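Chemist: Numbering-wise, the sequence shown is residues 1 to 74 according to this note's numbering. All C-beta atoms, glycine included, are put in the ideal place defined by N, C-alpha and C. Predicted, not measured: the structure shown is a model, and the values here were computed from it.
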Amino acid sequence: MVDLSPELVTILMFGGLLLLIATGYPLAFILIGLGMGTGLLLYGTAVFELFRLRSYGILASFIFMAVPLFVFMG
């Protein structure tokens, strides 16, 4: 775990974003990789548990229950 200022983390992530976009890699994978990499750097391995809990919380939302029906109607 590294203690970095929020400004430095922002600059590093934005620079990494621009660099990886220039390589032509898909944006979704760039954002996931930057988020997980920065989280791993700042929080250690606890970031994987945070990612799992956050993903479950979003997918368990009441609003997402309608998505499969719209896909099937579609």
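Would you call the CB atoms of M13 and L42 closer than 7 Å?
Modeler: In this structure, L42 does not lie closer than 7 Å to M13 by Cβ.
Chemist: Who are the near neighbours of M73 in its chain, counting only those whose CB is closer than 8 Å to its CB and skipping five residues on each side?
Modeler: Cβ neighbours of M73 beyond the five flanking positions: none.
Chemist: Following the continuous alpha helix (DSSP H) through M13, name the residue where it begins and the one where it ends.
Modeler: Looking at the DSSP string, the run of the alpha helix (DSSP H) that includes M13 is P6 to A22.
Chemist: Hey, which unbroken runs of the alpha helix (DSSP H) at 4 residues or more fall wholly within the stretch 28 to 60?
Modeler: DSSP runs (the alpha helix (DSSP H)) wholly in the stretch 28 to 60: 46 to 59.
Chemist: Kindly list the residues whose CB is nearer than 7 Å to the CB of V47, restricted to its own chain and excluding five residues on each side of it in sequence; keep chain order.
Modeler: For V47, where only same-chain residues beyond five positions count, the Cβ hits under 7 Å are M36, G39 and L40.
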